[in-house]
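Working notes, beginning with the structure itself.
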Amino acid sequence: MRIDEVEKWRPFIDAEGVIWDLSFLDAHEVIYTHRSEGKEDKIYKFIVSYSFHCFCKGYSEQSEEEKRALMYHSPKESRPFCKIRYRLAQRYLRDMILSLDRQRIIHAGYGSYAVIEVLNEEGEHCYYYVPFRVFRERKKLRIHVTSAYAVDTKPGGGKVGFYIIASKLLAGKPLPHP
Numbered sequence: 350m351r352i353d354e355v356e357k358w359r360p361f362i363d364a365e366g367v368i369w370d371l372s373f374l375d376a377h378e379v380i381y382t383h384r385s386e387g388k389e390d391k392i393y394k395f396i397v398s399y400s401f402h403c404f405c406k407g408y409s410e411q412s413e414e415e416k417r418a419l420m421y422h423s424p425k426e427s428r429p430f431c432k433i434r435y436r437l438a439q440r441y442l443r444d445m446i447l448s449l450d451r452q453r454i455i456h457a458g459y460g461s462y463a464v465i466e467v468l469n470e471e472g473e474h475c476y477y478y479v480p481f482r483v484f485r486e487r488k489k490l491r492i493h494v495t496s497a498y499a500v501d502t503k504p505g506g507g508k509v510g511f512y513i514i515a516s517k518l519l520a521g522k523p524l525p526h527p
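With the sequence shown counted from 1, adding 349 to any position gets you this note's numbering.
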């Protein structure tokens, strides 16, 4: 698999020597099957990658020393490791991506889409904002998750079906926009 984003994330090792495994965010392939009564199944094979914004974030209340101690260096930039984002990503992110065809997807602006709702451990709906871009790279269909974080209120944005996005991308047509 050759892509222009990180394929394998190296673990983060904190100041106490604790190793935070990031392999659950390594690039992977997902196959979505669009079934429609009376029609042949349509298969969409995507390569999915994740930005380090899914597990890194600097906070204004952090001192420079704290930021340095938490700094994670990716090939393109550096940011402090965020245990909150890490735990959310570990708990929800991959499952959300594997089920994009069954999720409520919204327009996220700047040519991106987002999936937003998850069930927490208590079975309650909560908002986990996961913006992603879709595109073609070396003739392959791609999804790149650009960030992932909890939000307090339901984000706005017009609804769009995943298979509408996928079919337009595969056909080389303009992607849906609000």
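Just so you know, even glycine gets a beta-carbon here, dropped at the ideal spot from N, CA and C.
Straight-line Cα distance separating residue j from residue i
i: I465; j: V479; result: 6 Å
i: Y512; j: R487; result: 21 Å
i: C405; j: C475; result: 21 Å
i: R408; j: E415; result: It should be noted that the sequence gives Tyr, not Arg, for residue 408. Straight-line Cα distance between these residues: approximately 10 Å.
i: P525; j: I514; result: 7 Å
i: R440; j: H402; result: 16 Å
i: V397; j: Q411; result: 32 Å
i: P429; j: E386; result: 49 Å
Residues sharing a beta bridge with residue i, DSSP
i: S427; result: H422
i: F401; result: DSSP output for F401 lists no bridge partner at all.
i: K388; result: DSSP output for K388 lists no bridge partner at all.
Cut-off 8 Å between Cβ atoms - residues of its own chain near residue i, not counting five sequence neighbours on either side
i: R359; result: L371
Coil, strand or helix - residue i by DSSP
i: F481; result: strand
i: K357; result: coil
i: L519; result: helix
i: L524; result: coil
i: I380; result: strand
Legend entry - Given 8 Å, three or more beta-carbon pairs between the segment 454-468 and the segment 363-378: no
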